[in-house]
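A.B. asks: Its first residue numbered 4, the sequence shown is counted upward by one per residue in this note's numbering. If you scroll down you'll find the structure; I have some questions about it.
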Amino acid sequence: MLMKQLNGQDAVYLYAETPSTPGHLGLLYIYDQSTAPGKQVRFKSILGHIRERLHISHVFRSKLMRMPFDIDHPYWVDDENFDLEYHVRHLALPKPGDWRQFSILVSRLHSRPLDMSKPLWETYVIEGLDNISWLPKGSFAVFTKVHHCAMDGAAVIDLASRFHDKTPEPDVGIGEQAWTPEPKPPVKDLIVNTLLNNYKHSFETGFDMINAIPSIGKRLLAKARNRDMEPEATIVRPETRFNNDHVSPHRVFGGVEWNFEELKLIKNAVRGATINDVLLALCGGALHYYLQDKDELPFHSLRAIVPVRQDTKGKPNAETMAVMTPPIHSQVADPLERLEAIQWDTSTSAALENAHGAKDMTDITKHMPSFTLALGIGVATHSHLSRKTLAAIGNCVLTNVPGPQMPLYMRGAKLLYVSALAPLVEGLTLMFNAVSYNGRISVSFQSDRDALPDPEFMEACWERSFAELKCAAANQCEGAEGEVIHKVRIPKTAKRTPGGSRGRPRKAG
């Protein structure tokens with residue numbers, strides 16, 4: 004029998020989990036059931052839809068079996084007592100059934116840890132959304148939680164697209180597939196596998212560290228050469244209310260959504276800018292207004308931690324995760340100047356080198372022996388070392404996961420809205436997640452309720468940031484009100500699109 008096992012990179016999300024920082028992701032869908040046959044989708048029909056697609060991933064019917072003292076990474080084993088109706092639950096939104104009440108419910112569901120003795124996912128079907136003004140009457144939501152050790156955000160979005168139909172007519176060709184749980188692997192096989200893994204991982208970790216030395220050396224030399232040219236202020240990561248030592252178990256959730264074409268028009272206002280740059284500029288503006296209102300806006304720019312996918316050298320079809328930590332120029336009030344500065348920062352070789360540095364670390368953790376990795380993560384988590392490390396590199400996380408650009412359906416109900424939720428960690432209690440779907444893009448956020456007690460105001464800050472950047476990019480206003488707290492120097496290579504002082508954007512092709 005083939006034994007499926009977590010690798011070190013995925014196991015980190017398991018070892019770092021605490022009672023107040025569960026390690027699961029969330030995916031939120033909202034559907035219009037008026038497009039379904041009979042204009043209604045019953046809970047029993049949704050159960051059948053999910054049951055017919057459980058074979059898509061082993062994660063749905065597999066649970067983790069951890070080794071004693073974490074002497075090896077956990078194994079996936081079939082859950083012989085799998086019960087679909089335990090994992091899929093039916094709820095009704097309490098009155099008044101508006102967006103605020105819905106956000107509170109999603110926050111509470113997201114704050115609850117998964118049962119680690121069962122397959123690591125849960126789904127909630129939520130009705131009663133009739134007082135959310137921008138939704139058709141009768142809309143319903145599906146909120147799914149899955150542990151980060153089982154899937155990353157991109158894999159969850161990809162799985163979601165495979166879980167849906169591409170037409171309003173339900174796919175009747177898919178039927179429930181027979182499934183028989185496989186027995187757990189014998190203990191002697193696990194012991195032999197553990198000895199082999201630890202022996203192999205010891206060598207692989209050594210090779211990874213040796214391979215990382217040249218790139219680390221290059222970065223150290225580059226930093227030494229550039230030390231005199233870069234002002235010290237450019238590498239400051241100011242601490243904010245979102246870099247707290249303690250994370251409570253309570254969460255808040257909120258989100259905004261726009262037409263994706265509008266972001267493309269904004270992008271075209273600055274030569275070389277990307278959609279990610281626009282999202283970073285919007286994030287910088289939103290946090291500018293939020294912290295300014297609290298009288299907590301730092302003099303120096305906040306930084307965002309941005310996960311990026313990179314090709315693995317020598318493996319054309321393999322990818323690995325790395326991170327960039329660009330400044331979001333939250334100290335700059337002018338929205339277009341902020342976008343120009345971000346475009347320059349994210350396009351430089353220094354930004355790419357920093358991302359490669361994070362890649363070196365993910366390569367090392369992937370092959371580190373389980374006991375060493377689990378012990379190290381545990382010590383870092385409980386000694387607040389993780390908080391000091393994360394606070395040193397960023398103030399928030401911003402992810403951007405592209406979704407399918409076509410309408411999707413479940414039992415005939417059209418999918419209207421998609422957003423994602425991420426786990427929080429000590430020292431980093433503000434997560435922004437962008438997801439694009441069918442010509443729209445949503446940005447949702449999660450935070451500790453103690454750090455962000457007013458999610459409605461954070462939503463308003465994002466809307467204000469978007470309105471001002473859109474206005475500036477379209478050459479329709481003179482710019483944002485207020486003064487630049489700390490002027491940034493933008494090299495001459497970063498230019499707005501020609502056509503006036505603001506540069507009217509080109510039409511997206």
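Just so you know, even glycine gets a beta-carbon here, dropped at the ideal spot from N, CA and C. Only a predicted model underlies this, so the values are computations on that prediction, with no experimental measurement involved.
(1) Tell me whether residue 45 is buried or exposed, calling it buried when 16 or more other Cβ atoms sit within 10 Å of its Cβ.
(2) Ignore the nearest five residues each way along the sequence and tell me which others in residue 108's own chain have a CB closer than 8 Å to its CB.
(3) Quick one: using the 10 Å Cβ neighbour count with 16 as the cut-off for buried, is residue 43 buried or exposed?
(4) Would a C-beta distance cut-off of 8 Å place residue 171 and residue 38 closer than the cut-off?
(5) How is residue 96 classed by DSSP in three states: helix, strand or coil?
(6) Taking only three categories from DSSP, how would you classify residue 130?
(7) Pick out whichever of 290, 263, 400, 289 has its Cα sitting closest to the Cα of residue 277.
(8) Roughly how far, in whole angstroms, is the beta-carbon of residue 469 from the beta-carbon of residue 448, given that I think they are within contact range, below 8 Å?
(9) Compute the Euclidean distance between the alpha carbons of residue 13 and residue 154, then round it to the nearest angstrom.
(10) If you draw a straight line from the C-alpha of residue 385 to the C-alpha of residue 11, how long is it?
(11) Would you call residue 88 buried or exposed, if buried means 16 or more other Cβ atoms sit within 10 Å of its Cβ?
(12) Throw me the rounded Cβ distance for the residue 1 and residue 275 pair, which I believe falls under 8 Å.
(13) Could you tell me the alpha carbon to alpha carbon distance between residue 156 and residue 62, rounded to whole angstroms?
(14) Once DSSP output is grouped into helix, strand and coil, what is the label at residue 8?
(15) Does DSSP classify residue 253 as helix, strand or coil?
(16) Cβ atoms of residue 126 and residue 427: under 8 Å apart, would you say?
(17) Determine, using beta-carbon pairs with one atom in the region 455 to 470 and one in the region 72 to 90, whether at least three such pairs fall under 8 Å.
(18) Return helix, strand or coil for residue 119, following the three-state DSSP convention.
(19) Who are residue 21's beta bridge partners in DSSP?
(20) Spatial neighbours of residue 159 within its chain, please: C-beta separation below 7 Å, excluding the five flanking residues on both sides.
(21) Residues in the same chain with beta-carbon distance under 6 Å from residue 339, minus the five sequence neighbours each way, listed in chain order, please.
(22) Judging by CA-CA distance, which residue of 409, 443, 403, 255 is the nearest neighbour of residue 462?
(23) What does the alpha-carbon distance come out to for the pair residue 66 and residue 402?
(24) Alpha carbon to alpha carbon, what distance is there between residue 415 and residue 49?
(25) Find out if the Cβ-Cβ distance for the pair residue 425, residue 438 is shorter than 8 Å.
(26) Could you round the C-beta distance between residue 182 and residue 64 to whole angstroms and report it? I think they count as a contact, below 8 Å.
(27) Taking 8 Å as the threshold (C-beta atoms), are residue 406 and residue 421 in contact?
(28) Use the C-beta contact count for residue 137: other C-beta atoms within 10 angstroms, 16 or more gives buried, fewer gives exposed.
(29) Report the rounded CA-to-CA distance for residue 18 versus residue 400, giving the unit in angstroms.
(30) For residue 112, which residues of its own chain have a beta-carbon under 7 Å away from its beta-carbon, when the five flanking residues on both sides are left out?
(31) With residue 402 as the anchor, note down where its beta strand (DSSP E) starts and where it stops.
(32) Give me the residue from 335, 119, 133 with the minimum Cα distance to residue 101.
(33) For residue 433, which residues of its own chain have a beta-carbon under 6 Å away from its beta-carbon, when the five flanking residues on both sides are left out?
(34) Where does residue 279 fall in DSSP's three states?
(35) Note down the Cα distance separating residue 237 from residue 258, rounded to an integer number of angstroms.
(36) Can you list, in chain order, the residues of its chain with a C-beta nearer than 7 Å to that of residue 231? Leave out the 5 residues immediately preceding and following it.
C.D. replies: According to the structure shown:
(1) With fewer than 16 Cβ atoms within 10 Å of its Cβ, residue 45 is classed as exposed.
(2) 94, 96, 97, 129
(3) exposed
(4) yes
(5) Note: residue 96 maps to coil in three-state DSSP.
(6) Residue 130: strand per DSSP, three-state reduction.
(7) 263
(8) Wrong, their Cβ atoms sit about 14 Å apart, outside the cutoff.
(9) 8 Å
(10) With a pLDDT of only 46 at residue 385, under 50, the local geometry of the prediction cannot be trusted, and no value is derived from it.
(11) exposed
(12) Because residue 1 is not part of the residues shown, which for the chain are 4 to 512, the question remains open.
(13) 14 Å
(14) strand
(15) coil
(16) no
(17) no
(18) coil
(19) Note: residue 21 sits in a beta bridge opposite 24.
(20) 28, 30, 149
(21) Closer than 6 Å at the Cβ level, and outside the excluded window around residue 339, lie 475.
(22) 255
(23) 27 Å
(24) 11 Å
(25) no
(26) 7 Å between Cβ atoms; contact.
(27) At the C-beta level, residue 421 and residue 406 come within 8 Å of one another.
(28) exposed
(29) 20 Å
(30) 127, 146
(31) For residue 402, the enclosing beta strand (DSSP E) begins and ends at 399 to 405.
(32) 133
(33) 245, 399, 450
(34) DSSP places residue 279 in the helix class (H, G or I) of the three-state scheme.
(35) In this predicted model, residue 237 has a pLDDT of only 44, less than 50, meaning its place in the structure is not dependable enough to derive any value.
(36) Its pLDDT being 46, under 50, residue 231 is placed unreliably by the model, and nothing is read from it.
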